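Here the structure is laid out as C-alpha cells; the discussion comes afterwards.
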Amino acid sequence: MLIATWNVNSIKQRLDHAIRFLEETQPDVLCLQELKCQDEAFPGERIEALGYNLAVHGQKAFNGVAILSRHPISDIRRGLPEGDGDDHSRYIEALVARPDGGVLRVASIYLPNGNPLGTPKFDYKLAWMRRLEQHARALLLLEEPLILAGDYNVIPEPRDVYDAEAWLGDALYQPESRGAFRRLLALGLTDAVRACDDAAGLYTFWDYQAGAWQRNKGIRIDHLLLSPQAADRLSATEIHKATRGWEKPSDHVPVSARFDF
DNA sequence: ATGACCTAACTTTTAGGA
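For reference, each letter of the first sequence is one residue, going 430 to 690 in the working numbering.
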C-alpha cells in the first residue's frame, strides 16, 4: 500500500494538482492539509470519480484536513481529544480496510505554525503537540499499523533545513517544538523518511518568497510517523519534489511511504 | 546588496501562513 500526505494550500486552488498526483502516483490513501474550505465546499466529485472515498474536516478560510482512500473507511474521528475551545480543523483520523483483510489507522494532521514566538500562538502550538502526544500514546496501545501523517510544522534536526541559523528565531525550529517532536518519537513512533534515508537536504517545503525553490532553500516539515506494526512493513519512502515545479504549485510537496501490506 | 509570495475574505486592505 502507498500512503501519502500533502499540504495543498487550498484544495480549490490545487484541485488539478491533486487529481494529477492521484492519477500519476495512485496512492491508496492521500492525507490532505490546509483545505481552506468548509466541508460543503470541498470539491469531491472528480476525486470520487477516481475511486476515492472521502473523510473531510474543513473550516472556513483556514486549516482543514481530509483523508482520501481507495479502500473502505470507518471509525472517523474529527479533532483531537481534550479540544474544549479549540475550533481549528487540524486533525482527522480513520480506519482503512487493507486489501489483505487487515486494518490500517491513518491520521491527517495540520499542526499549528506557532509564529510569532512570545504570543499565544506559540503556546497553542505546544499545547496542541501535548494533546497529540497523549492521543498517540492511546492509539499505540491498540497495537495496530498506524500512520500519523501531515504537516507537523516542525524542523526536526539541523540536517532538515538549508540554514539552521536562519530559523533560530522561528517557531518551527524552537527547542520546545523539536523536543515535543522527539517525545512523539520516544513513544515508539518511527519517522518514515528517516528510516529510509539519512541524507541531509531532504526538504518538503520551499517558501514562495525570495526564490526559495530556485535556490533550494527548503525545510523538512511534512512527516509520516509510524507505529511499530507499520514500521515493520515499511519498504520505501518518496518526497515528490517535482510537484513544486508545477504551474502555480503548493509551497509543500507530497511525501509518501510504501508498505508491504 | 536588497527584495523578492500566496490565499481567503464582511476584498482596494488585512490576517495567516512558514
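C-beta: ideal position from N, C-alpha, C; glycine also. Just so you know, these numbers come straight off a predicted model, no measurement behind them.
Task: Anticipated Cβ contact below 8 Å, L546 with A600, distance rounded - done: 6 Å
Open item on the list: Tell me which residue opens and which closes the alpha helix (DSSP H) that V535 is part of.
Closed with: No alpha helix (DSSP H) holds V535; the beta strand (DSSP E) holding it covers 532-539.
- [ ] With a threshold of 16 other CB atoms inside 10 Å of the CB of E572, please say whether the residue is buried or exposed.
- [x] exposed
Task: G480 classed as buried or exposed, judged by whether at least 16 other C-beta atoms fall within 10 angstroms - done: exposed
- [ ] Flag this pair as yes or no: are the beta carbons of D457 and L431 separated by less than 7 Å?
- [x] yes
- [ ] Determine the closest residue to N645 out of Y602, D592, E676, L451, with distance taken between C-alpha atoms.
- [x] D592
- [ ] Just tell me which of L616, I521, I650, G493 has its CA closest to the CA of P587.
- [x] I650
Task: Three-state secondary structure assigned by DSSP to W635 - done: strand
Task: alpha helix (DSSP H) segments (min. 4 residues) lying fully within the region 651-679 - done: 657-660
- [ ] Measure the Cβ-Cβ separation of L655 and T633 and say whether it is below 7 Å.
- [x] no
Task: Whole-angstrom distance between R662 and D689, CA atom to CA atom - done: 5 Å
- [ ] Return the CA-CA distance between P678 and E452, expressed in angstroms with no decimal places.
- [x] 17 Å
- [ ] May I ask which residues mark the beginning and end of the beta strand (DSSP E) holding S518?
- [x] No beta strand (DSSP E) holds S518; DSSP gives it neither H nor E.
- [ ] Compute the Euclidean distance between the alpha carbons of D516 and Y553, then round it to the nearest angstrom.
- [x] 12 Å
Open item on the list: So if DSSP puts S503 in a beta bridge, which residue, or which two residues, is it bridged to?
Closed with: L524
Task: Extent of the continuous alpha helix (DSSP H) run through W557 - done: 549-569
- [ ] Indicate whether V622 and I576 have their beta-carbon atoms separated by less than 7 Å.
- [x] no
- [ ] Would you tell me roughly how many angstroms separate the C-alpha atoms of I584 and N492, rounded to the nearest one?
- [x] 20 Å
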